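Just below is one structure, and these are the notes that go with it.
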Amino acid sequence: MSEGAPIAPAVPAAPRTGTVRRLLRHPLGLASAAVLAAIVLAVLFAPALSPADPGVSSLRDAFGGPSAGHPLGFDSAGRDILTRLLYGGRNTLGGAVIALSVALALGVPGGLLAGYYGGWFDSAASWIVNLVMALPAMVVLLASRAILGPTVWVLMVVLGFLVTPAFFRLVRGIVASVRNELYVDAAKVSGLRDPRIVVRHVLIVVRAPIIIQVALVSGIAIGLQAGLEFLGIGSGDTPTWGAMLNEAFKNIQRAPSLMLWPGLALGLTSGALVLLAAALRDALEDRGTAPASRRRSRRAASATPAIPAGSAVSAVSPGTGGTPQVTNGTPADAGERAGLLSVRDLAVSYVLPGGGTREVVHGVDLDVRAGEIVGLVGESGSGKTQTAFSILGILPEGGRVSRGSVTVGGEEIVGMPERRHRALRGSVVAYVPQEPMSNLDPAFTVGSQLVEPMRHKLRISRAEAVRRALDLLSQVEIADPRRTFDSYPHEISGGMAQRVLIAGAMSCDPELLVADEPTTALDVMVQAEVLGLLRRLQRERGLGVLLVTHNLGVVADLCDRVAVMRQGRIVETGTAEQVLHAPRDPYTRKLLGAVLDDAPARRPWQPSNAEVV
Amino acid sequence: MPDSVSTDMSTDPPPETPAGALLTVEDLRVSFPGKGWRAPRAEVLRGVSLDVRPGETLGLVGESGSGKTTIGRAILGLVPVHSGTITFAGERVDRVTARRRRELSRDIQVVFQDPYTSLNPSLTVGDTLSEPLLGQGYGAREARARVARLLERVELPADAAHRLPREFSGGQRQRVAIARALAIDPRLIVCDEPVSALDLTTQKTVLDLLLEIQEQTGVSYLFVSHDLSVIRFMSHRVAVIRHGEIVEMGEAAEVTAGPRHPYTRALLLSAPVADVAGQRERREAFEREFRAREAGTGEAVI
Chain A
29 MSEGAPIAPA VPAAPRTGTV RRLLRHPLGL ASAAVLAAIV LAVLFAPALS
79 PADPGVSSLR DAFGGPSAGH PLGFDSAGRD ILTRLLYGGR NTLGGAVIAL
129 SVALALGVPG GLLAGYYGGW FDSAASWIVN LVMALPAMVV LLASRAILGP
179 TVWVLMVVLG FLVTPAFFRL VRGIVASVRN ELYVDAAKVS GLRDPRIVVR
229 HVLIVVRAPI IIQVALVSGI AIGLQAGLEF LGIGSGDTPT WGAMLNEAFK
279 NIQRAPSLML WPGLALGLTS GALVLLAAAL RDALEDRGTA PASRRRSRRA
329 ASATPAIPAG SAVSAVSPGT GGTPQVTNGT PADAGERAGL LSVRDLAVSY
379 VLPGGGTREV VHGVDLDVRA GEIVGLVGES GSGKTQTAFS ILGILPEGGR
429 VSRGSVTVGG EEIVGMPERR HRALRGSVVA YVPQEPMSNL DPAFTVGSQL
479 VEPMRHKLRI SRAEAVRRAL DLLSQVEIAD PRRTFDSYPH EISGGMAQRV
529 LIAGAMSCDP ELLVADEPTT ALDVMVQAEV LGLLRRLQRE RGLGVLLVTH
579 NLGVVADLCD RVAVMRQGRI VETGTAEQVL HAPRDPYTRK LLGAVLDDAP
629 ARRPWQPSNA EVV
Chain B
2 MPDSVSTDMS TDPPPETPAG ALLTVEDLRV SFPGKGWRAP RAEVLRGVSL
52 DVRPGETLGL VGESGSGKTT IGRAILGLVP VHSGTITFAG ERVDRVTARR
102 RRELSRDIQV VFQDPYTSLN PSLTVGDTLS EPLLGQGYGA REARARVARL
152 LERVELPADA AHRLPREFSG GQRQRVAIAR ALAIDPRLIV CDEPVSALDL
202 TTQKTVLDLL LEIQEQTGVS YLFVSHDLSV IRFMSHRVAV IRHGEIVEMG
252 EAAEVTAGPR HPYTRALLLS APVADVAGQR ERREAFEREF RAREAGTGEA
302 VI
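Protein chains in written order, with my numbering: chain A, 29 to 641; chain B, 2 to 303.
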């Protein structure tokens, strides 16, 4: 991103609204929060709301229907159902609160310590937690009831222990990853004490997941508790929803409707908790606490629904294949189109999250002839990668070619059906990506990743594909092709991985190679070798290469011609010599001015400018 | 990777510890637990010695995995030192208590490589900048005033304090990180690849800012980078590190114009320059000297 950019970002930052407000704007969030609030309030004010005393029973009224003052009627012992429901809710929810408190009190600090400091505490705590997770909860609860007696509250404490791993593991995992963030290191170097670092930098990250987990675990705790009571394992006469279910079940023949109210209460509460957790997740994850995406374009792309790049643009210019659209004012050789790759007036747009579109590439003209290496140079956000992606037809979701024409080998690819385009990729056009390692699947050997595409594309036998793959590996100057063939990606170096990807790109004998910063992730010496390899392939096979790069040294090393991009436009094109040595555009001059190659070495240190020790 | 690291003894031995050195590192060794059960420890630094004088920049250049970043982290106390000594202003700081380490933050600061992850995304720039101030016991109002001066110092607008990092570009974030390092007037700043995530034009302005700050405050830099041209531009002296050992150290002009160690020479020649004819010459020289012997091992042979 350029330094001169105004502070206002290209993508407007999401307004920092409160989480609560965002939650309440979520329809499910609002509904579930309202239901839960109603239940909690009703239960809290049970003494005021209930028509009778929970213990009072009048056998006369047993199984009595609804009547004035007793809207839900009476149960088998002649107790008022509404009263039982409200007081039962107190016990049920109270039990869940106890279980949660125990789990939070143990799991969160434990997870924080284990994740932040690691070491023996981490090992010991993780071991215990794994043990607890291996225990079947119901069996433990039944056993503890037998040992500790039939008190609900004690059982809830035991349940709290049993759900502690849910919090411990969550917190530990997040903290362990945050611990390695550079900003935590920076805080340490700033001289902050550990508790302060934890509060400022770590808790803020675990807060949201903990809240979500609380909602989920309360649902589980309520369910388990009701299950216990339903089995008749609770304390006999305490009213709870589970106990009410148990009692109703005993009389299900006589009064099936008794099941209704406690079942409804349980269902509503658990359902509301789960929905609230989902809504909370949406609301909290919207906050932008995750590190911002590095690429502006990707960020714009990821937030929007899919528009398949091929199909959406079919209406734009289906018939321009043979009629070049010559644009004025571009120093490119715009009139005559190159046979291999020719781009005219290409524009790329992204659908914005709030509707509308944003154009990131505005009318680019570009030509690559057979046997020619063309550099596409620019800083981040200049649109150079977007241009390369549109040539390949692999624009990220939300992006599309909104205007212009791209021909590869004389064929118009804008608006080409995806199927046809796919056939073109790999056979005529091939792609070498920036990050070699992340473009190899760690689960498969290098060899199988080369062989499978070839078998599919070229429809050749396995043995033939293996032979070709080994041949390709030796062509990309890998000393021991067989060994590399049998290696997994993690067993080879970054430079080797990039060679493998180039081999993969060459496997179907393409005419055009699109390489997106192919050496940026590599050390300079490996870079020199990969550049040498690309040069040789170009020379020997007459390959055309479009090389996207930010490195002017790479351009000088490899490219015949260069196009300089800035803010979605090409500002200058020419031979590498002309652009690097006699730049016409002020931006190209500025770029070259920032190159430090010719800057003099710093003069030796003089004690005179030193401070006093 | 062959283990035959030639520590060419004809090159400069690490110079004698000068009496006036601000930071002296001697025979520093750092190792990490090996991967897998009972695996041998992986040695990252194998006896590194260097020194930084007040107001001086020592450039540390090397490839990925050479251990250059680890030197900085050891000095900052972020990785444990296995053996060797680190002396800062006459005091051994390689094994200090947590309390003393916190106090040292007044003198030794850092600018990390990645301005995207070195700032907490959920803290405003003002909060991030006041962090070291609060750590040193500044009051809230003092801290605010100091933050405003710091922002001015790194040429960011004053209202930046109320914004979140995501509202800034890479170069601007790196300015925030520099301001954080400057917050309590340190005497040494470890700059760990501070410009490698930045665009070319942004890189130049950030480097210029670092130079200007050094001229004004007399702060020392330990400047870590993989880019020799950046190192040469920034450093009074340069140390070239490979496989955890310093292979060559000397004045910037000497090391980058007439390197004595073949590894330095290979590094120098393999970095492409933005000059078509010049780059052709360098490429040919590199191939003549290094590539001819063996190709395809993934490494130039030195």
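Note that the Cβ used here is the ideal one computed from N, Cα and C, for glycine as well. Note that the structure is a prediction, hence the values are computed from the model and not measured.
For this session: Could you tell me whether any Cβ in chain B is nearer than 8 Å to the Cβ of Met166 of chain A?
Result: Taking the first sequence and counting its residues from 1, one reaches residue 166 of chain A at position 138. Look at Met166 of chain A: its C-beta is not under 8 Å from any C-beta on chain B.
Problem set entry | Chain-ordered chain B contacts of Leu608 of chain A [CB-CB under 8 Å] | Reading the first sequence from its first residue, position 580 is the one you call residue 608 of chain A. What Leu608 of chain A touches in chain B: Ala275, Asp276, Val277.
Exercise. Expressed to the nearest angstrom, what Euclidean distance is found between the alpha-carbon atoms of Asn257 of chain A and Leu303 of chain A?
Worked result: Here the question's residue 257 of chain A lines up with position 229 in the first sequence. Here the question's residue 303 of chain A lines up with position 275 in the first sequence. First, the amino acid is wrong: residue 257 of chain A is Glu here, not Asn. If you take the alpha carbons of Glu257 of chain A and Leu303 of chain A, they lie about 25 Å apart.
Exercise. When the distance is taken between beta carbons, is Ala90 of chain A closer than 8 Å to Gly106 of chain A?
Worked result: Position 78 of the first sequence, counted from the first residue, corresponds to residue 106 of chain A. Position 62 of the first sequence, counted from the first residue, corresponds to residue 90 of chain A. Yes.
Exercise. Roughly how many angstroms separate the alpha carbons of Glu64 of chain B and Glu480 of chain A, rounded to a whole number?
Worked result: Against the second sequence, residue 64 of chain B aligns to sequence position 63. Against the first sequence, residue 480 of chain A aligns to sequence position 452. If you take the alpha carbons of Glu64 of chain B and Glu480 of chain A, they lie about 34 Å apart.
For this session: With a threshold of 16 other CB atoms inside 10 Å of the CB of Ile87 of chain B, please say whether the residue is buried or exposed.
Result: As a first step, residue 87 of chain B must be located in the second sequence, where it is residue number 86. So Ile87 of chain B ends up on the buried side.
Exercise. For Glu252 of chain B, which residues in chain A fall below 7 Å Cβ to Cβ?
Worked result: Within the second sequence, numbered from 1, the residue matching residue 252 of chain B stands at position 251. Going along chain A in sequence order, the residues near Glu252 of chain B (Cβ under 7 Å) are Pro632.
Problem set entry | Alpha-carbon to alpha-carbon, Pro187 of chain B and Tyr211 of chain A | To locate residue 211 of chain A, count along the first sequence from 1; it is residue 183. To locate residue 187 of chain B, count along the second sequence from 1; it is residue 186. Their backbone Cα atoms lie some 18 Å apart in a straight line.
Problem set entry | Simplified DSSP assignment, three categories, for Val341 of chain A | Locating residue 341 of chain A in the first sequence gives position 313, counting from the first residue. Confidence is the limiting factor: at Val341 of chain A the pLDDT is only 32, short of 50, which leaves the residue's position unreliable and the question unanswerable from this model.
Problem set entry | Cross-chain neighbours of Ala258 of chain B in chain A, by beta carbon under 8 Å | Numbered from its first residue, the second sequence carries residue 258 of chain B at position 257. Residues of chain A passing the Cβ test: Ala629.
For this session: Could you say which of B:Ser50, B:Glu57, B:Thr58 lies nearest to Gly68 of chain B if we only look at CA atoms?
Result: As a working mapping, residue 68 of chain B is identified with position 67 in the second sequence. The residue among B:Ser50, B:Glu57, B:Thr58 with its C-alpha nearest the C-alpha of Gly68 of chain B is B:Ser50.
Exercise. Taking just the CA atoms, how far does Arg631 of chain A sit from Glu132 of chain B?
Worked result: Here residue 132 of chain B is taken as the residue at index 131 of the second sequence, counted from 1. Here residue 631 of chain A is taken as the residue at index 603 of the first sequence, counted from 1. Roughly 35 Å between the two C-alpha positions.
Exercise. The segment 209–243 of chain A: which residues have C-beta closer than 9 Å to a C-beta of chain B, in chain order?
Worked result: Within the segment 209–243 of chain A, contact with chain B at the beta-carbon level (separation under 9 Å) is assigned to Glu209, Leu210, Tyr211, Val212, Asp213, Ala214, Ala215, Lys216, Val217, Ser218, Gly219, Leu220, Arg221, Asp222, Arg224, Arg228, His229, Ile232, Val233.
For this session: Alpha carbon to alpha carbon, how far is Ala90 of chain B from Thr219 of chain B? Give it in angstroms, no decimals.
Result: Along the second sequence, one-based indexing puts residue 219 of chain B at 218. Along the second sequence, one-based indexing puts residue 90 of chain B at 89. Correcting the residue identity first, residue 219 of chain B is Gly in this sequence and not Thr. If I take the Cα positions, the gap works out to 15 Å.
Problem set entry | For Ala331 of chain A, the three-state DSSP class (helix, strand or coil) | Counting from 1 along the first sequence, the entry for residue 331 of chain A is found at position 303. For Ala331 of chain A, the predicted structure reports a pLDDT of 34, less than 50, and the residue's modelled location is therefore unreliable. The matter cannot be settled from this model.
Exercise. Exposed or buried, which one is Val646 of chain A when buried takes at least 16 other CB atoms within 10 Å?
Worked result: It is not possible to answer for residue 646 of chain A, since the shown part of chain A is limited to 29 through 641.
Exercise. If we count the other Cβ atoms within 10 Å of its Cβ and call it buried at 16 or more, is Ile175 of chain A buried or exposed?
Worked result: Numbered from its first residue, the first sequence carries residue 175 of chain A at position 147. With fewer than 16 Cβ atoms within 10 Å of its Cβ, Ile175 of chain A is classed as exposed.
For this session: Please check if any C-beta of chain A sits within less than 8 Å of the C-beta of His262 of chain B.
Result: Your numbering for residue 262 of chain B matches position 261 in the second sequence. Judged by the 8 Å Cβ criterion, His262 of chain B is not in contact with chain A.
For this session: Please look up how many angstroms separate the CB atoms of Asp115 of chain B and Ala184 of chain B, rounded, as I've assumed it's under 8 Å.
Result: Along the second sequence, one-based indexing puts residue 115 of chain B at 114. Along the second sequence, one-based indexing puts residue 184 of chain B at 183. Their Cβ separation, rounded to whole angstroms, is 20 Å, which puts Asp115 of chain B and Ala184 of chain B out of contact at 8 Å.
Exercise. Is DSSP giving Val524 of chain A helix, strand or coil here?
Worked result: Translated into the one-based positions of the first sequence, residue 524 of chain A becomes position 496. Reading off the sequence shown, one finds Met at residue 524 of chain A, where the question assumed Val. Note: Met524 of chain A maps to helix in three-state DSSP.
Problem set entry | Phe33 of chain B versus Pro81 of chain B - alpha carbon distance | Taking the second sequence and counting its residues from 1, the one referred to as residue 33 of chain B is at position 32. Taking the second sequence and counting its residues from 1, the one referred to as residue 81 of chain B is at position 80. When rounded, the distance between both Cα atoms is 9 Å.
Exercise. So what's Ser84 of chain B in DSSP terms, helix, strand or just coil?
Worked result: Within the second sequence, numbered from 1, the residue matching residue 84 of chain B stands at position 83. Residue state, collapsed to three classes: strand.
Problem set entry | Residue from B:Glu252, B:Ser106, B:Arg145, B:Leu201 whose Cα sits closest to the Cα of Lys618 of chain A | As a working note, residue 618 of chain A is residue 590 in the first sequence. The shortest Cα separation from Lys618 of chain A among B:Glu252, B:Ser106, B:Arg145, B:Leu201 belongs to B:Leu201.
Exercise. Taking only runs of the beta strand (DSSP E) that begin and end inside the segment 179–227 of chain B, which ones reach a length of at least 3 residues, in chain order?
Worked result: Segments of the beta strand (DSSP E) lying fully in the segment 179–227 of chain B: 189–193, 221–226.
For this session: Determine the contact status of Leu608 of chain A and Val582 of chain A, defining contact as a CB-CB distance below 8 Å.
Result: Within the first sequence, the letter at position 580 stands for residue 608 of chain A. Within the first sequence, the letter at position 554 stands for residue 582 of chain A. Not a contact, by the Cβ cut-off of 8 Å.
Problem set entry | Exposed unless 16 or more other CB atoms sit within 10 angstroms - verdict on Val68 of chain A | Against the first sequence, residue 68 of chain A aligns to sequence position 40. Flag for Val68 of chain A reads exposed.
Exercise. Alpha carbon to alpha carbon, how far is Val225 of chain B from Val388 of chain A?
Worked result: The sequence position of residue 225 of chain B within the second sequence is 224, counting from 1. The sequence position of residue 388 of chain A within the first sequence is 360, counting from 1. Distance between the alpha carbons of Val225 of chain B and Val388 of chain A: 35 Å.
Exercise. Does the beta carbon of Phe287 of chain B come closer than 8 Å to any beta carbon on chain A?
Worked result: Working through the second sequence from its first residue, we reach residue 287 of chain B at position 286. Chain A has a Cβ within less than 8 Å of the Cβ of Phe287 of chain B.
Exercise. Under the DSSP definition of a beta bridge, which residues are partnered with Met593 of chain A?
Worked result: Here residue 593 of chain A refers to the residue found at position 565 when the first sequence is read from its first residue. For Met593 of chain A, which the question treats as bridged, DSSP gives the partners A:Ile598.
Exercise. Between which two residues does the alpha helix (DSSP H) harbouring Asp626 of chain A extend?
Worked result: Working through the first sequence from its first residue, we reach residue 626 of chain A at position 598. That residue, Asp626 of chain A, is in no alpha helix (DSSP H); it is neither H nor E in DSSP.
For this session: Whole angstroms is fine: what's the gap from Val185 of chain A's alpha carbon to Gly116 of chain A's?
Result: Here residue 185 of chain A is taken as the residue at index 157 of the first sequence, counted from 1. Here residue 116 of chain A is taken as the residue at index 88 of the first sequence, counted from 1. Between Val185 of chain A and Gly116 of chain A, the C-alpha separation is close to 18 Å.
Exercise. For Leu642 of chain A, which beta-bridge partners are listed by DSSP?
Worked result: Only positions 29 to 641 of chain A appear in this structure, which leaves residue 642 of chain A out of reach.
For this session: Whole angstroms is fine: what's the gap from Asp551 of chain A's alpha carbon to Arg233 of chain B's?
Result: Position 523 of the first sequence, counted from the first residue, corresponds to residue 551 of chain A. Position 232 of the second sequence, counted from the first residue, corresponds to residue 233 of chain B. Roughly 18 Å between the two C-alpha positions.
Exercise. Between Gly274 of chain A and the rest of its own chain, which residues show a CB-CB distance below 7 Å, the 5 nearest in sequence each way excluded?
Worked result: The residue given as residue 274 of chain A occupies position 246 in the first sequence. The question names Gly, but residue 274 of chain A is Asn in the sequence shown. Correct list, in chain order: Glu257, Phe258, Gly260.
Exercise. Closest Cβ-Cβ distance between Gly316 of chain A and chain B: below 8 Å?
Worked result: Numbered from its first residue, the first sequence carries residue 316 of chain A at position 288. Caution applies to Gly316 of chain A, whose pLDDT of 41 falls short of 50 and renders its modelled position unreliable; the model cannot decide the point.
Exercise. Of all Cβ atoms in chain A, is any one closer than 8 Å to the Cβ of Arg238 of chain B?
Worked result: The residue labelled residue 238 of chain B in the question sits at position 237 within the second sequence. Closer than 8 Å: yes.
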